[in-house]
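A.B. asks: Starting off with a structure, shown below.
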Amino acid sequence: MKIIGNTQLAENTAKWLGEDYYPVLERAFADGELCPRFETSGNPTMGKTAALILQQHRGENINAYLMNYYLILGALKDAGFSTIIAVMPYFAYSRQHKQYLPNQPVSALTVAKLLEFCGADGFVTVTAHEPSVLPQLFSIPAINLSAMSVLSEFVSKKPEFSDAVIVAPDDGAEEMAKTLAGLLGNRKYTAFEKKRDVRTGEITMTPKNVELLKGHSVIIIDDMVSGGGTMVETARACSHHGATRIAAAFTHSILCGNALEKLRACCDEVIGTNTIESEVSKVDVSPLLAQALRQMDKK
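So, in structure tokens, the structure goes:
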């Protein structure tokens with residue numbers, strides 16, 4: 384297997400696997416057209432498996448990221464790789480996995496179809512927004528990896544959060560909170576009820592079991608932070624109800640605009656993984672990727 388990628392995450396994954404790493408060079412013409420390429424020595428591709436770990440950077444236009452991904456997939460196919468595994472640490476457009484309003488596209492399905500059309504024979508992502516829909520989106524093998532194990536390992540080394548209650552900002556994150564609480568030695572956990580107006584985006588939140596928060600540190604866990612509104616409102620509510628220290632922990636550091644500044648203003652620590660490169664990407668998911676690729680390559 385050969386690992387092709389554009390960041391330290393891909394290079395780390397190659398090291399875990401003991402495989403060659405080929406960097407992707409990203410280039411854009413003056414009119415915005417993209418022209419990426421991957422570097423190799425010789426022609427070591429025929430009959431080989433390639434894993435493309437192309438990673439989004441914080442602040443990068445997600446549509447340009449996807450176009451680079453499609454172009455490199457095609458280049459790998461043209462180069463003669465027999466099998467190509469598309470590793471997308473953050474599954475772009477995964478929140479649009481169904482129609483929320485009439486006449487909307489199911490954008491996650493379109494992304495999946497294009498990945499397959501461009502040459503992907505398998506798909507790996509981390510903490511998909513709705514993992515259960517992957518079999519409906521892809522006709523190729525698709526694997527969702529949970530980041531909870533590496534996040535729990537990182538948090539367990541922080542004595543200031545040794546008594547932390549794990550908090551889900553909404554019902555969708557409650558299973559993650561339960562999992563993280565279990566991995567940390569059966570900590571207590573709770574959740575907030577969140578409602579978002581699909582037209583205006585306005586969020587209303589109602590806490591559950593607020594008595595668990597008073598006098599304890601809390602770790603708020605979610606799959607991603609984009610604008611930061613949900614996480615910020617949850618942190619403020621936890622503080623209002625007596626939490627002593629607050630950590631925001633999540634897999635995907637999208638962090639649009641001033642989201643990070645807002646989080647830092649109401650949280651004692653902000654913890655993300657390196658599925659997206661950012662200033663708070665403190666937790667490395669490369670061991671998870673390496674394990675999944677090793678299993679897929681055996682099949």
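The numbering used here applies: residue 384 is where the sequence shown begins, and numbers increase by one.
Beta carbons: idealized from backbone N, C-alpha and C, even for Gly.
What residue from Trp399, Val548 and Met607 has the CA that sits closest to Cys621's CA?
C.D. replies: Checking every option, the nearest Cα to that of Cys621 belongs to Val548.
A.B. asks: Measure the CB-CB distance between Ile637 and Ser609 and report whether it falls below 7 Å.
C.D. replies: yes
A.B. asks: Hey, which unbroken runs of the beta strand (DSSP E) at 3 residues or more fall wholly within the stretch 440-485?
C.D. replies: As far as the stretch 440-485 is concerned, its whole beta strand (DSSP E) runs of at least 3 residues are 466-471.
A.B. asks: Between which residues of its own chain and Lys645 is the CB-CB distance below 6 Å, once the five residues before and five after are set aside?
C.D. replies: Gly611 and Val615, listed in sequence order.
A.B. asks: Given that a residue counts as buried once 16 or more other Cβ atoms are within 10 Å of its Cβ, and exposed if not, what is Cys650?
C.D. replies: buried
A.B. asks: What does the Cβ neighbour count give for Asn486, buried or exposed, with the cut at 16 atoms within 10 Å?
C.D. replies: exposed
A.B. asks: Using the rule of at least 16 other Cβ atoms within 10 Å of the residue's Cβ for burial, across every protein chain shown, is His440 buried or exposed?
C.D. replies: exposed
A.B. asks: Whole angstroms is fine: what's the gap from Leu484's alpha carbon to Ala564's?
C.D. replies: 35 Å
A.B. asks: Give the secondary structure of Arg420 by DSSP, where H, G and I count as helix, E and B as strand, and everything else as coil.
C.D. replies: strand
A.B. asks: Tell me the residue span of the beta strand (DSSP E) that contains Val663.
C.D. replies: No beta strand (DSSP E) contains Val663, which DSSP labels as neither H nor E.
A.B. asks: Using only the alpha-carbon positions, how far apart do Tyr476 and Glu536 sit?
C.D. replies: So the two alpha carbons sit approximately 28 Å from each other.
A.B. asks: Would Thr634 pass as a contact of Asp606 if the rule is Cβ separation under 7 Å?
C.D. replies: yes
A.B. asks: Using 10 angstroms around the beta-carbon of Ser669, count the other beta-carbons present and answer buried if the total reaches 16, otherwise exposed.
C.D. replies: buried
A.B. asks: Terminal residues of the continuous beta strand (DSSP E) containing Ser545?
C.D. replies: Looking at the DSSP string, Ser545 is not in any beta strand (DSSP E), and its letter there is neither H nor E.
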